[in-house]
Ligand SMILES: CC(C)(COP(=O)(O)OP(=O)(O)OC[C@H]1O[C@@H](n2cnc3c(N)ncnc32)[C@H](O)[C@@H]1OP(=O)(O)O)[C@@H](O)C(=O)NCCC(=O)NCCS
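Numbering (the numbering used here), first residue to last: 5 to 149.
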């Protein structure tokens, strides 16, 4: 595969990030909200880039000694190549350096690939939020200590 780099996201990445969020049907993230979240104090915004093109991103936020992973998305053409794993690991490393004690997230129970990825790096399922997505689909609550 082409070489990719992981780096902090910048303002000019936002259009690409919105496009990827839209491709993943993360509609609430494709309408400009990534830009405002990324500017919020405590946000951690990393992108994966190949040949000047953004192919994935992760956005998390910290509050005191806890953090939440809000969204992780990879362009469909670039999935299953280890990019999501690396983005997640870099994010965990960054949060660890900030002395974050606990990281949590929600993931659709039907999203086996994402659950596999999160468990692979050490997240554990803590419980289920019923009808979390669109008032219909359940979500696992996962955490990493
Ligand atoms: C989930 C997502 C971020 C993963 O990114 P990625 O770059 O494709 O992930 P990686 O290539 O690093 O790792 C994929 C892992 O899933 C495994 N996998 C692939 N298909 C799978 C499936 N159907 N079920 C379970 N595991 C699967 C791969 O074998 C690999 O695991 P391994 O490293 O142990 O072999 C990406 O698929 C994506 O953007 N999905 C849409 C958005 C999304 O669902 N985001 C997560 C919720 S916020």
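Backbone N, C-alpha and C define an ideal beta-carbon position, used for all residues, glycine too.
Any heavy atom of ligand 1 within less than 6 Å of a residue's beta carbon puts that residue on the list, which reads 28, 75, 76, 77, 78, 83, 84, 85, 86, 87, 88, 89, 111, 115, 116, 117, 118, 120, 121 and 124. Distances from the alpha-carbon of residue 66 to those of 133, 82, 43 and 124 put 43 closest.
Residue 78 places its beta carbon less than 8 Å from that of residue 60. Under DSSP, residue 11 shares a beta bridge with 51. Residue 147 and residue 55 have their C-alpha atoms roughly 34 Å apart. Around the beta carbon of residue 132, fewer than 16 other beta carbons lie within 10 angstroms, which makes this residue exposed.
Annotation for residue 131: no alpha helix (DSSP H) segment contains it, though the beta strand (DSSP E) segment containing it runs 128–137.
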